[in-house]
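J.: With our numbering applied, the sequence shown corresponds to residues 6 to 261, in that order. Just dropping this structure here.
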Amino acid sequence: MHILIIEDEEQLCRSMAEGLRMDGYETDTCFDGEEGLELCMTENYDLILLDLNLPGIDGLEILRQFRTFNTNTPVLILSARVQIQDKVEGLDLGANDYLTKPFHFEELEARIRSLTRRTFIQEDVCLRCSRITFDTRTREASVDGTPLALTRKESALLEYFLLHRNRIISPEEMIEHLWDGSVNSFSNSIRVHISSLRKKLRTALGYDPIQNKIGQGYICLLYTSDAADERSSVDLGGRRIIKKKKIKEQKGNSTQ
Ligand code: CA
């Protein structure tokens with residue numbers, strides 16, 4: 006998930022970005038209103054953290070302009086303004102939540118989880134799909150209850166695939182949501198992360214739920230456990246037939 010932080014207190018901005026990175030989010034940061042407005046109008050973020058007192062353009066003005074063309078992306082206001090009018094104005098302009106500074110990082114994390122889950126209508130902190138469980142709080146994945154050892158990037162990929170299963174995700178979309186602003190092409194290193202996640206899933210599930218659709222992107226198709234059993238028995242059967250055929254061929258060759 007890709008988060009934009011618009012905050013002119015550079016130290017606070019950097020420490021939030023670092024903390025969220027540790028939580029598995031990709032973050033872009035900017036320290037003034039003009040750049041903030043430009044970024045949120047041109048990039049496709051999953052969440053925006055917005056300070057109100059900013060040099061250049063004020064946070065409420067950024068929100069007002071942003072909401073005229075994007076009503077979906079959740080915006081969480083972080084502000085030292087404690088007046089109730091500021092909160093009301095921010096929420097009326099389309100902010101989804103408001104956190105008053107100073108705040109505890111744990112509270113920010115919980116509110117981000119809540120806002121991003123709400124987007125996907127998830128009921129709790131765990132994503133459960135077929136035999137895979139992904140805990141969005143601890144960032145731990147498991148298959149049939151057995152923990153899956155994933156890297157930070159593999160976890161982010163799996164989370165995104167689970168949230169958007171059964172539809173094709175284009176390389177551009179992956180870059181937008183899973184990599185920070187420094188990455189702008191679908192490089193081999195991205196493919197390496199995907200292929201290593203697929204390998205781990207194949208080992209744990211007995212099949213690879215991620216398919217590469219040439220020229221379009223990737224799709225995650227998860228079977229119910231019964232369907233997966235059926236599928237693996239078909240695979241095994243297929244392999245057995247191939248083996249028998251090979252043995253026959255070999256026998257044929259040796260008798261010639
Ligand atoms: Ca500020």
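Positions of the beta carbon are idealized from the N, C-alpha and C atoms, including for glycine.
When every heavy atom of ligand 1 is checked, does at least one fall within less than 7 Å of the C-beta of aspartate 37?
T.: No, since every heavy atom of ligand 1 falls outside the 7 Å radius drawn around the Cβ of aspartate 37.
J.: Under 8 Å: do the region 128–148 and the region 158–166 share three or more Cβ pairs, one atom per stretch?
T.: They touch, by the three-pair rule.
J.: Between the C-alpha atoms of leucine 337 and alanine 209, what's the straight-line distance to the nearest angstrom?
T.: Residue numbering for the chain in the displayed model covers 6 to 261; residue 337 lies beyond these limits and cannot be assessed.
J.: Can you check which of these residues, Gly38, Leu226, Gly29 and Arg19, is closest to arginine 136 by C-alpha distance?
T.: Looking at the Cα atoms, Leu226 is the closest of the given residues.
J.: Using a 10 Å radius around the Cβ and a threshold of 16 neighbouring Cβ atoms, would you call isoleucine 126 buried or exposed?
T.: For isoleucine 126, the pLDDT reaches just 49, beneath the cut-off of 50, and the residue's location in the model is therefore unreliable, although a value from the coordinates is still provided. The residue in question, isoleucine 126, is exposed, as its Cβ has fewer than 16 Cβ neighbours within 10 Å.
J.: Compare the C-alpha of glycine 29 against each of Leu55, Arg118, Gln90 and Arg207 and name the closest.
T.: Nearest of Leu55, Arg118, Gln90 and Arg207 to glycine 29, Cα basis: Arg118.
J.: Which of helix, strand or coil does DSSP assign to leucine 52?
T.: DSSP places leucine 52 in strand when its eight states are reduced to three.
J.: Quick one: is glutamate 159 buried, meaning 16 or more other Cβ sit within 10 Å of its Cβ, or exposed?
T.: With 16 or more other Cβ atoms within 10 Å, it is buried.
J.: For phenylalanine 36, collect the residues of the same chain with a Cβ closer than 6 Å to its Cβ; drop the 5 residues on either side in sequence, then sort them by chain order.
T.: The residues are Asp13 and Glu15.
J.: Please find out if some non-hydrogen atom of ligand 1 comes closer than 7 Å to the beta-carbon of aspartate 91.
T.: Every heavy atom of ligand 1 is 7 Å or more from the Cβ of aspartate 91, so no.
J.: Under 8 Å, do leucine 55 and leucine 120 count as touching if we go by C-beta distance?
T.: Not in contact: leucine 55 and leucine 120 (Cβ atoms no closer than 8 Å).
J.: Identify whether alanine 161 lies in helix, strand or coil by the three-state DSSP scheme.
T.: Reduced to three states, the DSSP call for alanine 161 is helix.
J.: Who's in the neighbourhood of ligand 1, going by beta-carbon under 5 Å from any heavy atom, listed in chain order?
T.: Output, sorted by chain position: Asp13, Asp56 and Asn58.
J.: By Cβ distance below 8 Å, which residues in the same chain neighbour isoleucine 8 in space, the five residues on each side in sequence not counted?
T.: Cβ neighbours of isoleucine 8 beyond the five flanking positions: Leu25, Tyr30, Glu31, Thr32, Asp33, Tyr50, Asp51, Leu52, Ile53, Leu54 and Ile117.
J.: Just grab the DSSP bridge partners of phenylalanine 139 for me.
T.: DSSP, once it has assigned bridges, lists Leu132 and Ala146 as partnering phenylalanine 139.
J.: Within a Cβ cutoff of 7 Å, which residues of the same chain sit near arginine 72, ignoring the five residues on either side of it in sequence?
T.: Excluding residues within five positions, the ones whose Cβ falls inside 7 Å are Leu98 and Gly99.
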